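Note that the UniProt record's numbering numbers the sequence shown so that position 131 is 131, with each residue one more than the last.
Just so it is clear, CB atoms sit at the ideal spot from N, CA and C, and this is done for glycine as well.
Source: prediction; values computed, not measured.
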Amino acid sequence: MEKVRLQKFMADAGVASRRKSEELIAKGHVKVNDKVVTEMGVKVDHHDKVEVDGMPLETEKKRYILMYKPRGVISAVKDDKGRKVVTDLLEEDVDERVYPIGRLDYDTSGLLLLTNDGEFANHLMHPRYHVDKTYVAKIEGILTLEEIKKLENGIRFKDYTSAHAKVTVKSKDKKKNSSIVKIVIHEGHNHQVKNMFDAVGHHVEKLAREKYGFLTLDGLVSGKYRDLTRQEVAQLKSEN
Numbered sequence: 001m002e003k004v005r006l007q008k009f010m011a012d013a014g015v016a017s018r019r020k021s022e023e024l025i026a027k028g029h030v031k032v033n034d035k036v037v038t039e040m041g042v043k044v045d046h047h048d049k050v051e052v053d054g055m056p057l058e059t060e061k062k063r064y065i066l067m068y069k070p071r072g073v074i075s076a077v078k079d080d081k082g083r084k085v086v087t088d089l090l091e092e093d094v095d096e097r098v099y100p101i102g103r104l105d106y107d108t109s110g111l112l113l114l115t116n117d118g119e120f121a122n123h124l125m126h127p128r129y130h131v132d133k134t135y136v137a138k139i140e141g142i143l144t145l146e147e148i149k150k151l152e153n154g155i156r157f158k159d160y161t162s163a164h165a166k167v168t169v170k171s172k173d174k175k176k177n178s179s180i181v182k183i184v185i186h187e188g189h190n191h192q193v194k195n196m197f198d199a200v201g202h203h204v205e206k207l208a209r210e211k212y213g214f215l216t217l218d219g220l221v222s223g224k225y226r227d228l229t230r231q232e233v234a235q236l237k238s239e240n
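If you want it as C-alpha cells, here you go:
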C-alpha cells in the first residue's frame, strides 16, 4: 500500500467522508504515530499508527459485494432484537468487515451493496449521486392515470418532496384487486416507495429492488452474493 493523504486513509477506513475527516484533523482529534496532527498534507500507510479520539484505525483489503437480500433479514451488521442480519449470509470467503450501503427494509428483498470502503459508501449515499434504483411492487388496487402522474411528478411529505419517478404498470388483476408496478427513483428516504404508494391510496403488499444503477441481480438467487468486478467498481466511482 503506497502512502496516501491522512484524510483519504480515514475515509477509506470508514471514519467519515474526506471533508469530515479533514475537520477532525484540524480540530486535533487525530494522532499519527502518537503525535497529534492538524495539517492536511500528512501521508500515511498501513505501517503507521493512526488513531481518532484514541481509537486505532485498521485498514484491510477493500471489498465490494452485491447481494440478493431475502425478505426477513435486517440490512445491518447486528440487530439488538437478535434477528438475522445481512452479514450472517456471508460465508468464510468474506473475512473483511463489510457493511451495507444504505438499506432495504426487513420485509423488502433485492439488490443490496456491501463494502468496507468508507469513501465509496459515502459517495454512493451522497444526495448528488443520482443513481436510479428500480423496484417492483405488488400493490393493493389498480393505479389510475392521475395516481401514476402524482407518483411521477413527486409526492409531498412532511420532510421532503419525492423527486420525479418513472412508473410502469406491469400487470393488473381486477379479480384480486391488485397490481404489479415497476417504479424507478434515485433517492433513498426511509420507507420511501411504500410511503409513495400509500400517499396515493395503495398499500404495498410485497416489494423488491431489482436494479441499482446499471447493476442487476442476474445470476444470483435469494441469499447469495458476488463480488463486484473492477470495472463495475470503477464505473460506480466515476459516475457523478
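query: Residue environment, residue 157, which counts as buried when at least 16 other CB atoms sit within 10 Å; result: exposed
query: Helix, strand or coil at residue 25 according to DSSP, with G and I counted as helix; result: helix
query: Assumed close pair residue 68, residue 204 - CB separation to whole angstroms, cut-off 8 Å; result: Incorrect: roughly 19 Å between the Cβ atoms, too far for contact.
query: N-terminal and C-terminal residue of the beta strand (DSSP E) that residue 11 is part of; result: Unbroken run through residue 11 is the alpha helix (DSSP H), 6-12; no beta strand (DSSP E).
query: Sub-9 Å separation of residue 208 and residue 109 beta-carbons; result: yes
query: Which of helix, strand or coil DSSP assigns to residue 20; result: helix
query: Extent of the continuous beta strand (DSSP E) to which residue 171 belongs; result: 166-173
query: Of the listed residues 148, 62 and 23, nearest to residue 120 (C-alpha basis); result: 62
query: Neighbour-count burial assignment, residue 116, 16 or more Cβ in a 10 Å radius; result: buried
query: Close Cβ partners of residue 155 (< 8 Å) along its chain, the five nearest in sequence each way excluded; result: 161, 162, 195, 196, 199 and 200
query: Within 9 Å, strictly: CB atoms of residue 77 and residue 51; result: no
query: CB of residue 84 within 9 Å of CB of residue 73, strictly; result: yes
query: Pick from 178, 66, 144 and 57 that is closest to residue 230, judged by C-alpha positions; result: 66
query: Contact check, residue 193 vs residue 179, beta carbons under 9 Å; result: no
query: Distance, residue 14 Cα to residue 217 Cα; result: 26 Å
query: For residue 22, the nearest candidate out of 7, 125 and 189 (CA to CA); result: 7
query: Length-filtered (4 minimum) alpha helix (DSSP H) runs lying within the stretch 63-129; result: 118-125
query: Identified DSSP bridge partners for residue 178; result: 140 and 173
query: Spatial distance of residue 104 from residue 211 (CA atoms); result: 13 Å
query: Through-space distance from residue 20 to residue 55, alpha-carbon basis; result: 17 Å
query: Selection from 82, 183, 177 and 187 that minimises the alpha carbon distance to residue 128; result: 187
query: Backbone CA spacing between residue 174 and residue 145 [nearest angstrom]; result: 16 Å
query: Which listed residue (26, 136 and 46) has its alpha carbon closest to that of residue 4; result: 46
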